[in-house]
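Student:
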Ligand code: SF4
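In the working numbering, the protein residues as written are 110 to 305.
(1) What would DSSP say about residue 159, mapped onto helix, strand or coil?
(2) Is the closest heavy atom of the ligand SF4 to the C-beta of residue 194 under 7 Å?
(3) Just to confirm the assignment, what range does the alpha helix (DSSP H) spanning residue 196 have?
(4) Count the other CB atoms, across all protein chains shown, that sit within 10 Å of the CB of residue 168; report buried if there are 16 or more and exposed otherwise.
(5) Determine the extent of the alpha helix (DSSP H) in which residue 252 is found, giving its start and end residues.
(6) Can you find the residues in the same chain that come closer than 6 Å, C-beta to C-beta, to residue 218, ignoring five residues on each side of it along the sequence?
(7) Starting from the N-terminal end, write out each residue whose C-beta falls within a distance shorter than 5 Å of any non-hydrogen atom of the ligand SF4.
(8) Tell me the rounded alpha-carbon separation between residue 227 and residue 220.
(9) Write down the C-beta distance between residue 288 and residue 267 rounded to the nearest angstrom, noting that I regard them as a contact closer than 8 Å.
(10) What are the residues that DSSP puts in a beta bridge with residue 174?
(11) To the nearest angstrom, report how far apart residue 183 and residue 164 are at their CA atoms.
(12) Residue 132 by DSSP, collapsed to three states: which one?
(13) Taking the continuous beta strand (DSSP E) assigned at residue 296, which residues delimit it?
(14) Output the distance between the C-alpha atoms of residue 134 and residue 188, rounded to the nearest integer angstrom.
(15) So what's residue 247 in DSSP terms, helix, strand or just coil?
(16) With C-beta atoms as the reference, is residue 87 less than 8 Å away from residue 172?
(17) Just to confirm, is the Cβ distance from residue 295 to residue 248 under 8 Å?
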């Protein structure tokens with residue numbers, strides 16, 4: 110008999126409940142405990158498509174299995190076949206299901222005006238224009254072409270007034286463009302978390 114794939118093994122463990130329960134009961138296991146343990150497997154595997162993926166959150170790149178039913182994501186878990194993470198996910202990766210299904214997830218830009226106590230919706234284009242204008246203004250006001258270091262005047266062409274902090278969901282190409290942009294503006298404090 111050829112070896113079972115993981116999916117076949119889990120499917121048989123979950124759906125062949127009569128056989129499986131009978132077998133484990135014969136071994137002395139509590140059938141209710143076994144039934145409780147196998148029910149989620151059936152829920153997860155029945156009529157689902159399993160899509161291997163990679164956690165979007167950080168550079169570790171842990172493997173994930175996404176369970177999809179009727180075009181909707183119903184579960185995310187660690188991929189035991191991943192040589193990087195071997196089925197494990199940290200709390201952030203384990204909660205990535207929420208990234209797509211949580212109705213409370215913020216999907217619009219919000220702006221809190223200086224001195225205000227409330228956040229208000231703002232159009233993405235308006236937010237981007239405001240950020241660009243403030244970056245330009247701050248950069249122009251704080252740009253230094255030269256600095257005196259150990260009594261010598263040297264060219265620095267920088268601003269120490271703005272920092273760029275990239276998130277782990279930025280891919281390598283975006284990080285590259287981000288670093289180019291900020292170095293071109295004279296930015297010194299640039300931090301990105303590279304992704305694979
Ligand atoms: S956020 Fe956690 S689960 Fe995701 S890749 Fe990083 S370590 Fe892995």
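C-beta: ideal position from N, C-alpha, C; glycine also. The structure presented is a predicted model; accordingly, all values stated were derived computationally and were not measured.
Tutor: Well, looking at it:
(1) In the three-state reduction of the DSSP assignment, residue 159 falls in the strand class.
(2) yes
(3) No alpha helix (DSSP H) contains residue 196, which DSSP labels as neither H nor E.
(4) exposed
(5) Here residue 252 belongs to no alpha helix (DSSP H), and DSSP marks it neither H nor E.
(6) 231, 233 and 236
(7) 164, 166, 167, 169, 171, 198, 199, 201 and 202
(8) 8 Å
(9) Not a contact, Cβ separation roughly 14 Å.
(10) 161 and 186
(11) As the crow flies, the alpha-carbon of residue 183 is around 16 Å from that of residue 164.
(12) Any answer about residue 132 is weak, because its pLDDT of 45 lies below 50 and its placement is not dependable; what the coordinates show is given next. If DSSP states are grouped into helix, strand and coil, residue 132 belongs with the helices.
(13) 296–300
(14) Residue placement at residue 134 is poorly supported in this model, since its pLDDT is 48, which falls under 50; the coordinates still yield a value, given next. Going from the Cα of residue 134 to the Cα of residue 188 covers about 30 Å.
(15) Three-state DSSP puts residue 247 in a helix.
(16) Since the first residue of the chain shown is 110 and the last is 305, residue 87 is not available in this structure.
(17) yes
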